[in-house]
Amino acid sequence: MMRPEPSPTETAEDRLLRENQELKRQIAELHGHAHASGHTISKPPVLWRPSRVTLWSLGVGAAVLIALAFVSGFVPLQKRNAVLRAEAADEAEALPRVEVITVARAPTKSELQLPGSIQAVTEAPILGRADGYVRRRTADIGDRVRSGQSVAEIEAPELDQQVLQAKATLEQAQASLEQAQASYQQGKSNMELAKITAQRWSTLNTKGVVSRQENDQYQSQYQAQLSNLQALDKAISAQRSSIAAAEANLSRLRNMQGYLVVRAPFDGVITQRNVDTGALVNAGSTLLYRIAQTATLRTYVNVPQASASSIHTGQAALLTVSNIPGRTFTGTVARTANSLDPATRTLLVELHVPNADGALLPGMYCQIELNSPRVNPPLLIPSDALVVRTGAPLVAIVKADHTIHLQAVEVGRDFGDRVEVVSGLQEGDTIIPNPGDSAREGLKVDPVARAAQ
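In terms of the working numbering, the sequence shown is residues 412 to 864.
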């Protein structure tokens with residue numbers, strides 16, 4: 412029968428107990444075989460019995476093994492506990508280690524990022540100038556048109572009738588002028604006759620051949636013919652004025668007929684169409700199209716007051732849009748409002764962006780980056796470096812003797828992960844980037860420079 416191999420971690424005491432149990436099991440098995448064979452055993456078979464010396468040796472060996480197991484397990488455990496206690500004591504006596512950074516200024520080149528909305532540099536609605544119906548449209552949404560190109564035709568029969576009426580009125584005025592001129596010629600002849608007659612009667616009256624009454628009568632007739640001639644001359648002037656008015660009215664109506672063909676005011680793209688063939692057009696109120704010039708786009712941004720002084724006309728700007736990743740568009744500051752909005756304290760700035768390939772579309776949302784040099788860049792620290800308690804925000808400064816000093820600071824602009832410090836710190840100061848609540852005044856620490864990220 413194979414005996415089980417002892418376990419490497421089995422102690423001597425356990426091994427002795429196991430061997431004792433094994434002997435008892437073997438004796439029980441021998442008794443069981445005897446009863447099964449039907450033989451009557453008057454006395455049990457002779458088994459090996461250890462002597463006292465053997466039992467004493469086994470006891471001594473077990474004691475020795477127990478002692479060795481105790482020494483090999485307890486002593487190293489005690490030594491290890493002693494080492495741990497010593498390390499804990501050293502750690503308790505050692506200074507707390509903290510990461511530190513050096514306060515530095517922002518880059519001398521200011522990078523200001525602001526949101527903006529792209530618009531067409533020129534955009535205009537196209538409305539009908541004549542009442543009528545759309546006979547035909549020649550442009551639709553997205554079509555690129557040239558200046559003066561026809562985009563729609565309007566049919567206006569009432570306007571055609573008005574033109575014919577104006578022509579008739581002009582012809583009537585011209586006929587009236589000719590009649591007035593004929594009357595003038597007749598009146599002029601009558602006046603000449605009356606003049607000659609008056610002169611003759613005046614000579615006869617001087618010689619005493621005719622009476623004064625008859626002479627005065629002919630002299631009055633001459634004056635009447637002279638006044639009639641002047642009236643006829645005024646009538647000619649009035650008819651000429653009527654002709655000028657009729658011609659002006661006819662010219663106006665003909666110009667209105669010219670508006671029956673709707674034309675593009677400038678080169679651009681049709682961005683909106685509101686009518687179709689047969690639609691009724693009311694002069695000055697019906698929006699036919701909307702056209703935009705997209706070769707150059709513009710965008711407006713509101714620059715905060717702190718950066719307003721660094722913005723000037725002609726300054727370069729970079730534009731990015733989210734739906735065109737990896738591409739940057741270059742723009743130029745075209746003009747500024749030269750005045751801050753009192754409600755938002757921002758400067759309105761207009762930028763022009765070339766768009767020759769049409770990649771940008773009016774109405775797009777964009778991010779604008781304005782770069783400008785700064786003479787005195789501000790100090791920047793991580794936002795986590797601020798200790799916000801009662802009063803002004805604090806910063807944990809590590810002094811030369813490795814003690815912490817909580818310095819009150821004045822915070823400027825907040826950039827999210829960084830904040831601008833206006834006063835309270837100097838360039839080159841050593842601070843704790845994330846002090847937490849454990850930082851207190853006068854605490855001695857072991858500063859370690861933070862690794863570059």
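For each residue, glycine too, the CB sits at the ideal point set by N, CA and C. Note that the structure is predicted; figures quoted are calculated from it, not measured.
Partner residues in the beta bridge of Y776, as assigned by DSSP, are S528.
The bridge partners DSSP lists for F826 come to none. Within the DSSP bridge table, the entry for Q818 names V806 as partners.
Rounded to the nearest whole angstrom, the CA to CA distance from S849 to V799 is 13 Å.
Per DSSP, R701 lies in no alpha helix (DSSP H) segment; the continuous beta strand (DSSP E) that holds it begins and ends at L698 to P715. Under the Cβ criterion (8 Å, minimum of three pairs), the region 728-739 does not count as touching the region 666-676.
For A748, the uninterrupted beta strand (DSSP E) run begins and ends at F740 to L751, by DSSP.
In the DSSP assignment, D857 falls within the beta strand (DSSP E) that extends over D857 to A860. In the DSSP assignment, A656 falls within the alpha helix (DSSP H) that extends over R623 to G669. The secondary-structure analysis by DSSP pairs G543 across a beta bridge with V692. Between Q726 and V744 the beta-carbon gap is near 4 Å, inside 8 Å, which marks them as a contact.
Per DSSP, G598 has no beta-bridge partner at all. Collapsing the DSSP output to three states places N492 in a helix. Between the alpha carbons of I607 and Y633 lies a gap of roughly 9 Å. About 5 Å separates the beta carbon of L664 from that of Q573, a gap short enough to meet the 8 Å contact definition. Here DSSP, grouped into helix, strand and coil, assigns T533 to strand. Of all C-beta pairs linking the region 588-602 to the region 639-651, three or more are shorter than 8 Å, placing the two stretches in contact. In this structure, S718 is the residue among S718, D678, R861 and K578 with its C-alpha nearest to the C-alpha of N782. In the three-state DSSP reduction, N616 falls in the helix class (H, G or I). Residues of the same chain with a CB within less than 8 Å of the CB of T757, apart from the 5 flanking positions on each side, are N713, V714, P715, Q716, A719 and L751 in chain order. It is roughly 40 Å from the alpha-carbon of G823 to the alpha-carbon of T705. Annotation: T707 to A584 spans about 53 Å, alpha carbon to alpha carbon.
Inclusion of T682 and R701 in the CB contact set at 8 Å is warranted, their separation being smaller than that value. Within a 10 Å sphere around the beta-carbon of W612 sit 16 or more other beta-carbons, which makes this residue buried.
Remark: C-beta atoms of D795 and P844 approach each other more closely than 8 Å.
Per the DSSP secondary-structure output, I792 pairs in a beta bridge with V830. The shortest C-alpha to C-alpha distance from N639 to any of G802, A550, A754 and K599 is the one to K599. When Cβ pairs closer than 8 Å are counted between the two stretches, the region 760-775 is seen to touch the region 518-538, the count reaching three or more.
The criterion of a C-beta distance shorter than 8 Å is not satisfied by V514 and D857.
By the Cβ criterion, the region 818-832 is not in contact with the region 765-774, since fewer than three pairs of Cβ atoms, one from each stretch, lie closer than 8 Å.
If you draw a straight line from the Cα of R491 to the Cα of V475, it comes to about 24 Å. DSSP, reduced to helix, strand and coil, places V514 outside both helices and strands of the structure shown, so it counts as coil. L797 places its beta carbon 8 Å or farther from that of R829. Boundaries of the beta strand (DSSP E) around L762: T757 to P765.
Under the 10 Å beta carbon count, N787 is surrounded by fewer than 16 other beta carbons and is classified as exposed. Pairing P568 with L661, the inter-Cα distance amounts to about 16 Å.
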